[in-house]
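For what it's worth, the numbering used here labels the leading residue of the sequence shown as -8, then goes sequentially. Beta carbons: idealized from backbone N, C-alpha and C, even for Gly. Source: prediction; values computed, not measured. Take a look at the structure below.
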Amino acid sequence: MMNRAEKEAVIGEVKTNISKAKAIFLTNLVGIESNNANAIRKSVRDVKGKLMITKNSLFEIAAKGTDYEKLLVNLKGSSAVAFAYDDVAAVAKCLRDAGAEKELVTLRGGMLDGKLLNTNDIKQLASLPSKPQMLATLLATFMAPASSFVRVLDAVREKKEKEQAA
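Encoded structure:
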């Protein structure tokens, strides 16, 4: 049983996480072995997210007055909340992959930019490329015309050198 000070500390931590999060996802880790739960937490942490488990009432109290209140109110059963601070799609992908590997992990909903997400929305979000992949694609797109121009100039140079050598 948690005493009042411990509850206040947890509520404060949840409030801090809510204020920093770009998105929140609801899942559960009931029935998962400790090592597997820690592996899921680590994978979420590696993509700059956080997975937290506490009493539903504490999530609800911490969410009061925030955009996430409608997601975290009246939670039933065991809940784990994943906070995405940077790459939202990467956190969603970690949870989706954990659910694919371990049947007991299920996505129950989420919220992004004030919009409630159902499980299909989260799965679509998880299918997006990661932020580094998108940045690499964008950079390649920007660099393509310049690369083509350099190759043309190099071909002209080689042709002139061959003509001079002959």
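- DSSP, read as helix, strand or coil, puts residue 38 in coil.
- Contact check for residue 11 against residue 49 fails: the beta carbons are separated by 8 Å or more.
- Counting C-beta pairs closer than 8 Å gives three or more between the region 84 to 104 and the region 30 to 39, which meets the contact rule.
- Per DSSP, reduced to three states, the secondary structure at residue 81 is helical.
- In the structure shown, the three-state DSSP call for residue 63 is helix.
- Rounded to the nearest angstrom, the Cβ distance from residue 101 to residue 16 is 4 Å, consistent with a contact under 8 Å.
- Under the DSSP assignment, residue 15 falls in the beta strand (DSSP E) whose first and last residues are 14 to 18.
- Between the beta-carbon of residue 57 and that of residue 9 there is about 5 Å, and that keeps the pair under the 8 Å contact cut.
- The beta carbon of residue 36 sits closer than 8 Å to those of 42, all from its chain and outside the five residues before and after it, given in chain order.
- Remark: C-beta atoms of residue 116 and residue 80 approach each other more closely than 8 Å.
- For a cut-off of 8 Å, the C-beta gap from residue 19 to residue 97 is around 6 Å, short enough to register as a contact.
- Note that the C-beta distance between residue 88 and residue 38 is not below 8 Å.
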